[in-house]
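Engineer:
Residue numbers (the working numbering): 74 to 303.
(1) Less than 9 Å between the beta carbons of residue 123 and residue 153, yes or no?
(2) Assuming residue 158 and residue 190 form a contact by the criterion Cβ under 8 Å, report the distance between their Cβ atoms to the nearest whole angstrom.
(3) Report the three-state DSSP secondary structure of residue 108 (helix, strand or coil).
(4) With distance defined between alpha-carbon atoms, name the residue in 135, 259, 107 nearest to residue 179.
(5) Let me know the secondary structure DSSP gives residue 80 once reduced to three states.
(6) By Cβ distance below 6 Å, which residues in the same chain neighbour residue 170 in space, the five residues on each side in sequence not counted?
(7) Can the beta-carbon of residue 60 be found less than 9 Å from the beta-carbon of residue 220?
(8) Rounded to whole angstroms, what is the Cα-Cα separation between residue 205 and residue 245?
(9) Does the count of Cβ pairs from the region 78-97 and the region 113-120 closer than 8 Å reach three?
(10) Closest by CA to residue 301, which one among 249, 223, 289, 131?
(11) How would you label residue 139, buried or exposed, when you count the other beta carbons within 10 angstroms and need 16 or more for buried?
(12) Given this structure, state the Cα-to-Cα distance separating residue 101 from residue 90, to the nearest angstrom.
(13) So for residue 139, helix, strand or coil by DSSP?
(14) In the structure shown, what three-state DSSP assignment does residue 263 receive?
(15) Taking only the alpha-carbon atoms, compute the straight-line gap between residue 296 and residue 192 and give it to the nearest angstrom.
(16) Tell me, please, whether the CB atom of residue 189 is closer than 9 Å to any CB atom in chain D?
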């Protein structure tokens, strides 16, 4: 069974190797969970979408599924919600995993649609993430991301003292995260930020400005700690 399981997982991750100390009971339980995740993905056929070997946790839900595009071997944890109420939609690459209780939401309002959310190939996102796409959100290939990431590509206008802030509209610039980044847990990324390829963001950082490739950043607000090129 171990050999067969390894071959199957390598379809998604060519470098995968089972730990030598993994017990048979854990393997059986793992296979059982993945089997039912695969069965749940077949429900997408009823809504005109090919599952493409997707694995769906319990109570995964989609809004505007016709504008959600995904590659092979997508894996969504329990209670993930993806809403493609958008001008363009949600685009998820191959071999993408999104942890349980995460929300991928382009827009929450019908009167001012957001732009898009684009997630590249081989991206892993931890549990309880919130990915907004109002001004556009792009995550490059090969990124690894800890729990509780939040991305907010939108700001509320507040210049008038006579109007309530909620009636003053919004501004949107978008967020772009380059390929091959490592983002720690509980990081917040704000509108207008561009993170260069190969960068590392320390846990708990609040990123409100852009950084070049291979930056190591952290803090509130985030600052450059050093470059990986040093």
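Beta carbons are placed, not taken as given, at the ideal position from N, Cα and C, and that holds for glycine.
Structural biologist: Concretely, from the data shown:
(1) no
(2) Actually they do not touch by this definition, with Cβ atoms about 11 Å apart.
(3) In the structure shown, residue 108 sits in a helix (DSSP, three-state: H, G or I).
(4) 135
(5) If DSSP states are grouped into helix, strand and coil, residue 80 belongs with the helices.
(6) 148, 197
(7) The structure shown has nothing for residue 60, since the chain only spans 74 to 303.
(8) 11 Å
(9) In short, these stretches do not touch, since the Cβ pair count stays below three.
(10) 289
(11) exposed
(12) Put simply, the backbone Cα of residue 101 is about 17 Å away from that of residue 90.
(13) helix
(14) Three-state result, residue 263: strand.
(15) 25 Å
(16) In the displayed structure, chain D is absent; only one protein chain is listed.
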